[in-house]
Each structure stands twice: as structure tokens, then as C-alpha cells.
Amino acid sequence: MTKEKRLAYYVGCLLPLVSVLLYRGLPDDLPMQFNSQGDVNYTFPKWGALVLLNVIGPYLNWLYFYRTKKNPELTISNHFFFCVRLAFFPLVTSLILVFIWLSNIKGVTVNISEIVTAIVASAFLIIGNFLPKFKHKKMFYFPFIGNQAADNRVWRMLGIGMVVSGVTLFINLYFHSRWLLVVPLILCVVVPIILTLYYRSSSKSL
Numbered sequence: 011m012t013k014e015k016r017l018a019y020y021v022g023c024l025l026p027l028v029s030v031l032l033y034r035g036l037p038d039d040l041p042m043q044f045n046s047q048g049d050v051n052y053t054f055p056k057w058g059a060l061v062l063l064n065v066i067g068p069y070l071n072w073l074y075f076y077r078t079k080k081n082p083e084l085t086i087s088n089h090f091f092f093c094v095r096l097a098f099f100p101l102v103t104s105l106i107l108v109f110i111w112l113s114n115i116k117g118v119t120v121n122i123s124e125i126v127t128a129i130v131a132s133a134f135l136i137i138g139n140f141l142p143k144f145k146h147k148k149m150f151y152f153p154f155i156g157n158q159a160a161d162n163r164v165w166r167m168l169g170i171g172m173v174v175s176g177v178t179l180f181i182n183l184y185f186h187s188r189w190l191l192v193v194p195l196i197l198c199v200v201v202p203i204i205l206t207l208y209y210r211s212s213s214k215s216l
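If you number the sequence shown the way this note's numbering does, the last residue is 216 and the count never jumps.
Quick look at the structure:
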């Protein structure tokens with residue numbers, strides 16, 4: 011196991027402890043879901059969020075880390091994606107908690123919905139750029155076609171779709187349109203599935 015992967019593992023397990031340090035300064039209910047206008051649709055008690063972040067999150071991280079250690083076939087071969095899988099969610103949630111804490115204690119005006127959108131958009135841009143460059147293994151669940159050239163075309167298209175989706179999400183920070191949110195769904199889910207089914211049917215007919 012490389013130093014980068016070990017660091018990502020420890021970051022993924024220890025970062026949720028930020029919620030313990032900030033607990034008293036957080037509001038009793040944390041925003042969990044927003045509409046296209048940035049308004050809060052659903053909240054969750056902060057004690058529940060503390061349990062989810064500090065018990066379930068690290069447990070899933072530990073489970074994935076040791077599962078791949080025992081079965082290397084399940085490991086994502088690219089170091090970048092392995093580290094993203096371990097550390098991305100804890101890092102994002104910790105950043106959001108810090109901004110909520112600043113808003114509640116320090117009186118800083120923070121739009122949590124826009125922060126979440128910006129983080130997700132950045133992730134789409136980064137991951138979309140890397141997608142065509144790494145070797146695909148079983149742990150990255152996706153309906154493989156079985157033909158390397160066709161697989162690469164689908165992954166390349168998915169990468170392009172994620173980059174375009176990231177740009178669209180950044181644009182939506184200004185327009186706040188629910189229709190623009192359909193773009194990532196179409197480009198990152200619908201199009202790859204259609205391409206996969208098309209290539210699979212083409213390969214079977216040969």
C-alpha cells in the first residue's frame with residue numbers, strides 16, 4: 011500500500027472528528043437537502059450527523075480498505091481514484107460543517123447550497139479529466155461491454171460528460187435553474203448507459 015493511499019485512508023477516517031470539535035457551535039439541525047433556489051428542504055439533527063460521520067463513515071472506509079487489501083483484484087488501479095474514493099466524502103462533509111459553523115458562530119453569511127454545488131462541480135471537472143486515463147477494474151461498478159476499444163469510448167464520453175456537467179453546475183450558480191440540473195443526469199447516466207447497450211448489442215451481433 012502506497013503512502014498516498016494510507017494517507018487517504020487516515021484522512022477519510024479522522025476528518026469526521028472535525029464535527030466533534032465544532033459540535034457545540036453547530037445549529038441543532040443541519041441542512042441536508044436544498045432546492046434549485048438554494049432553500050433548505052430537509053434538515054437532520056446534528057447528533058445524528060455526528061453518529062453518521064464518526065461511526066458509519068470510517069467503518070465503510072475501513073471495510074473498503076481491508077477488503078481491497080485482501081483481494082487486490084477489487085482495487086482501483088489508479089492511485090488518484092483510490093484516494094478520492096477514501097477521502098472525498100469525509101473531506102467535503104467536513105468543509106461544509108466548517109462553513110455552517112462559521113455561519114452560526116461567527117455570523118459569516120454563507121450559502122451552503124452554493125458551496126456544495128461548487129464542490130460537486132469541481133469534482134466533476136477533476137474526475138472527468140482523469141476518467142479516460144485509468145485502468146478500469148471491477149470495483150468501479152459499471153456495465154462493461156467486454157471490448158476494450160468500446161469500453162474506452164464509453165469512458166471517454168463519460169469523462170467529457172462530467173467535464174461539461176461540471177461547467178454547467180458552475181453556470182447554474184448564477185441562474186439557479188432546475189432544468190440545468192438535468193444536464194449532469196443525461197450526460198453522466200443516460201448517455202453512457204445508451205452507449206453501453208448499443209456497443210454490447212453490436213458486439214453480440216458480430
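All residues carry an ideal CB built from backbone N, CA and C; glycine is no exception.
Just how far apart, CA to CA, sit residue i and residue j?
i: F185; j: A97; result: 31 Å
i: M167; j: L179; result: 18 Å
i: L101; j: L24; result: 10 Å
i: G58; j: A128; result: 25 Å
i: M149; j: G35; result: Note that M149 has pLDDT 40, beneath the 50 cutoff, so the model's placement of it is unreliable and the number below is only indicative. For M149 and G35, the distance between alpha carbons rounds to 38 Å.
i: K147; j: I181; result: Only weak support exists for where K147 lies, its pLDDT of 48 falling under 50; the coordinates are left without a value.
i: K208; j: L197; result: Correcting the residue identity first, residue 208 is Tyr in this sequence and not Lys. Spanning the two alpha carbons is a distance of roughly 16 Å.
i: T119; j: S211; result: 53 Å
i: S29; j: L63; result: 8 Å
i: W189; j: L183; result: 13 Å
i: Y151; j: K116; result: Any reading at Y151 must be qualified, since the residue scores a pLDDT of 44, below 50, and its modelled position is unreliable; the value itself is stated next. Each residue's alpha carbon lies about 42 Å from the other.
i: I66; j: W72; result: 10 Å
i: P202; j: I170; result: 11 Å
i: Y33; j: T206; result: 46 Å
i: K56; j: L195; result: 30 Å
i: P41; j: N139; result: 30 Å
i: V200; j: L191; result: 14 Å
i: I2; j: I204; result: Residue 2 lies beyond the residue range present for the chain, which begins at 11 and ends at 216; the question has no answer from this structure.
i: A131; j: F99; result: 14 Å
i: V177; j: V126; result: 14 Å
i: V193; j: D39; result: 31 Å
Find the nearest neighbour of residue i within the set the options, judged by alpha-carbon distance.
i: S187; options: P142, L101, E124; result: E124
i: S104; options: G138, Y208, L60; result: L60
i: P142; options: A131, V120, T119, V173; result: V173
i: L31; options: D39, W72, F99, L107; result: L107
i: I136; options: P41, K116, S175, I122; result: S175
Buried or exposed: residue i, going by 16 or more other Cβ atoms within 10 Å of its Cβ?
i: N51; result: exposed
i: Y69; result: exposed
i: F54; result: exposed
i: P26; result: buried
i: P37; result: exposed
i: A159; result: exposed
Bridge partners of residue i, per DSSP?
i: F54; result: L40
- Query: Should the stretch 162 to 176 be regarded as contacting the stretch 112 to 120, the criterion being three or more beta carbon pairs within less than 8 Å?
  - Reply: A contact is defined here as three or more CB-CB pairs under 8 Å, and the stretch 162 to 176 fails this definition with respect to the stretch 112 to 120.
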